[in-house]
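Asks:
Residue numbers (the working numbering): 23 to 441.
So, in structure tokens, the structure goes:
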């Protein structure tokens with residue numbers, strides 16, 4: 023939850039990477055009356071076999087920006103991808119369901135284009151009146167999207183007055199609709215969701231209120247190496263859970279049975295333990311485990327001490343003693359960043375550790391930031407999402423941001439004047 027006395031507006035729009043990421047123009051810096059606005063959103067929503075949206079979170083996340091554009095009288099042209107259709111049309115990945123859902127949410131018609139470029143689309147754009155909304159068909163129906171082809175980007179940008187990028191989840195991709203068009207349409211600015219992501223993640227990295235605690239989980243050390251290295255320069259405490267913990271434990275010579283271990287990363291894990299010590303960071307690993315002899319939902323769970331995992335068993339969740347310790351550390355923190363589950367949270371018997379972290383964050387007064395990916399799914403599963411300060415919509419983008427990398431879709435946006 024947001025600490026008392028702080029509000030969203032007080033959070034600095036900062037980032038510890040390149041200075042080109044700082045102080046980008048936002049949607050509040052412009053007027054939109056009568057302007058043709060190309061707005062990149064992230065409508066990459068899950069669909070079931072009937073083509074029905076099963077989670078509209080990403081559409082809802084874009085509403086503040088879309089409603090701002092409508093309210094100011096813009097002619098709104100939305101662009102997005104959905105799935106991985108491999109550069110050619112595929113009805114399974116049509117954005118038509120997103121257009122229908124958006125129409126319901128904003129209470130007005132949303133026209134659905136048959137493509138994202140071409141004469142027919144240009145005609146639909148020209149026919150827009152102020153406050154009208156048009157959703158282009160999936161940009162990835164063209165190979166030029168992922169190739170960042172300048173000709174394709176040029177067709178998307180043709181006759182547009184302003185570009186708004188509100189798709190943080192794809193900001194780490196230098197694609198035509200995220201990075202290419204930003205060089206062709208001026209001004210190019212950040213939407214509200216993009217701004218919010220950069221503010222909260224940026225604050226965690228640039229100017230966190232101390233104590234700053236990071237909770238890092240997930241299956242593999244290799245997926246989080248750079249994140250851990252970057253965070254060790256900033257956090258007071260780093261708590262590790264999930265499958266990756268067993269590589270760290272084995273690096274300390276602790277037996278881990280059949281638990282997931284990246285054998286080729288044991289030396290690296292040892293180096294990270296050493297680095298944490300050198301930087302004065304408290305690095306916490308599980309003190310006990312919930313284990314099973316099989317990796318399946320109905321496997322029989324049992325609890326054991328840190329060095330007592332049976333040879334035929336594998337760790338699938340942090341144990342109760344670890345849960346208590348981790349919750350205490352979170353309760354004492356002022357800033358908490360969480361990325362990655364503590365166990366196999368998809369299996370109820372092994373979800374306790376992950377849910378314990380979610381509950382601790384919900385009860386804490388700390389600024390709580392959920393850094394995308396499986397952590398978001400875990401928080402949503404817990405039903406505590408409304409009690410977190412910020413839940414990132416970006417999986418890969420969040421990770422790359424936390425690694426300290428520049429995000430092409432942000433770098434390409436206009437800087438504020440005098441910066």
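All C-beta atoms in this analysis are idealised placements derived from N, C-alpha and C, irrespective of residue type, glycine included.
If you're wondering where the values come from, they're calculated on a predicted model, not measured in any experiment.
(1) Which same chain residues, not among the five before or five after residue 442, have their C-beta less than 6 Å away from its C-beta?
(2) For residue 388 and residue 166, what's the separation of their Cα atoms in angstroms?
(3) Please look up how many angstroms separate the CB atoms of residue 259 and residue 304, rounded, as I've assumed it's under 8 Å.
(4) Could you say which of 357, 163, 240 lies nearest to residue 410 if we only look at CA atoms?
(5) In the DSSP assignment, find the alpha helix (DSSP H) that holds residue 392 and state where it starts and stops.
(6) Once you ignore the five residues that flank residue 327 on each side, which residues in its own chain have a CB closer than 7 Å to its CB?
(7) Would residue 332 be called buried (16 or more neighbouring beta carbons within 10 Å of its own) or exposed?
(8) Indicate the three-state DSSP secondary structure (helix, strand or coil) for residue 98 in the structure shown.
(9) From the DSSP output, in three-state form, read off residue 262 for me.
(10) Could you tell me how far apart the beta carbons of residue 434 and residue 201 are, in whole angstroms, since I believe they sit closer than 8 Å?
(11) Classify residue 168: buried if its beta carbon has 16 or more other beta carbons within 10 angstroms, exposed otherwise.
(12) Below 6 Å CB to CB, which residues in the same chain sit around residue 353 once its five sequence neighbours on both sides are set aside?
(13) Ends of the beta strand (DSSP E) at residue 273?
(14) Alpha carbon to alpha carbon, what distance is there between residue 288 and residue 255?
(15) So, is residue 43 buried or exposed, given that buried needs 16 or more other C-beta atoms within 10 angstroms?
(16) If I follow the unbroken beta strand (DSSP E) through residue 336, where does it start and stop?
(17) For residue 83, which residues from the same chain have a beta carbon less than 7 Å from its beta carbon, with the 5 sequence-adjacent residues on both sides left out?
(18) Where residue 306 and residue 222 are concerned, what is the direct C-alpha to C-alpha distance, given to the nearest angstrom?
(19) Whole angstroms are fine: how far does the CA of residue 374 sit from the CA of residue 319?
(20) Take residue 253 and list the residues in its own chain whose beta-carbon comes closer than 8 Å to its own, dropping the five residues that flank it on each side.
(21) Put residue 349 into one of helix, strand or coil per three-state DSSP.
(22) Which term fits residue 72, buried or exposed, when burial requires 16 or more other beta carbons within 10 angstroms of its beta carbon?
(23) Tell me which residue opens and which closes the beta strand (DSSP E) that residue 210 is part of.
(24) Does the region 116–133 come close enough to the region 178–198 that 3 or more CB-CB pairs lie under 8 Å?
(25) What does a CB cutoff of less than 8 Å around residue 329 pick up in its chain, not counting 5 residues either side in sequence?
(26) Hey, residue 67 and residue 149 are a contact pair by Cβ (cut 8 Å); roughly how many whole angstroms apart?
Replies: In terms of the structure at hand:
(1) Because the chain here runs from 23 to 441, residue 442 falls outside it and cannot be looked at.
(2) For the purposes of this step, residue 388 is taken as residue 366 along the chain shown, with counting starting at 1. For the purposes of this step, residue 166 is taken as residue 144 along the chain shown, with counting starting at 1. Taking the straight line from one Cα to the other gives about 44 Å.
(3) Indexing the chain shown from 1 puts residue 259 at position 237. Indexing the chain shown from 1 puts residue 304 at position 282. That belief holds up - the Cβ atoms of residue 259 and residue 304 are roughly 4 Å apart, short of 8 Å.
(4) Counting from 1 along the chain shown, the entry for residue 410 is found at position 388. Nearest option by C-alpha distance: 357.
(5) Walking along the chain shown from the start, residue 392 turns up at place 370. Premise fails: residue 392 lies in the beta strand (DSSP E), 389–392, not in any alpha helix (DSSP H).
(6) Locating residue 327 in the chain shown gives position 305, counting from the first residue. Result list for residue 327: 310, in chain order.
(7) Reading the chain shown from its first residue, position 310 is the one you call residue 332. So residue 332 ends up on the exposed side.
(8) Walking along the chain shown from the start, residue 98 turns up at place 76. DSSP places residue 98 in strand when its eight states are reduced to three.
(9) Here residue 262 corresponds to residue number 240 of the chain shown, with the count starting at 1. If DSSP states are grouped into helix, strand and coil, residue 262 belongs with the strands.
(10) As a first step, residue 434 is located in the chain shown; it is residue number 412 there, counting from the start. As a first step, residue 201 is located in the chain shown; it is residue number 179 there, counting from the start. Right, the Cβ-Cβ distance comes to about 5 Å (below 8 Å), so this counts as a contact.
(11) For this step, residue 168 is matched to residue 146 along the chain shown. By the 10 Å Cβ count, residue 168 comes out buried.
(12) The sequence position of residue 353 within the chain shown is 331, counting from 1. Here the set comprises 386.
(13) Numbered from 1 along the chain shown, position 251 holds the residue referred to as residue 273. Careful: residue 273 lies outside any beta strand (DSSP E), inside the alpha helix (DSSP H) at 267–273.
(14) As a position in the chain shown, residue 255 is number 233, starting the count at 1. As a position in the chain shown, residue 288 is number 266, starting the count at 1. Taking the straight line joining both Cα atoms gives about 21 Å.
(15) By 1-based counting over the chain shown, the position of residue 43 is 21. Bear in mind that a pLDDT of 47 at residue 43, under 50, signals an unreliable position, so the number given afterwards is only what the model happens to contain. Residue 43 is buried by the Cβ-count criterion.
(16) Counting from one through the chain shown, the residue named residue 336 turns up at place 314. Residue 336 -> beta strand (DSSP E) spans 336–340.
(17) Working through the chain shown from its first residue, we reach residue 83 at position 61. Result list for residue 83: 215, 415, in chain order.
(18) Here residue 306 refers to the residue found at position 284 of the chain shown. Here residue 222 refers to the residue found at position 200 of the chain shown. If I take the Cα positions, the gap works out to 24 Å.
(19) Taking the first residue of the chain shown as 1, we reach residue 319 at position 297. Taking the first residue of the chain shown as 1, we reach residue 374 at position 352. The straight-line gap from Cα to Cα measures roughly 14 Å.
(20) The residue you call residue 253 lines up with position 231 of the chain shown. So the qualifying residues of the chain are 236, 238, 260, 359, 424.
(21) In the chain shown, residue 349 corresponds to position 327, counting from 1. In this structure, residue 349 counts as helix in the three-state DSSP scheme.
(22) Stepping through the chain shown from its first residue, residue 72 is reached at position 50. Answer is exposed; the Cβ neighbour count stays below 16.
(23) Within the chain shown, the letter at position 188 stands for residue 210. That run of the beta strand (DSSP E) goes 210–212.
(24) no
(25) Here the question's residue 329 lines up with position 307 in the chain shown. Answer for residue 329: 276, 277, listed in chain order.
(26) Taking the chain shown and counting its residues from 1, the one referred to as residue 67 is at position 45. Taking the chain shown and counting its residues from 1, the one referred to as residue 149 is at position 127. Contact between residue 67 and residue 149 does not hold, since their C-beta atoms are separated by about 27 Å, which reaches or exceeds 8 Å.
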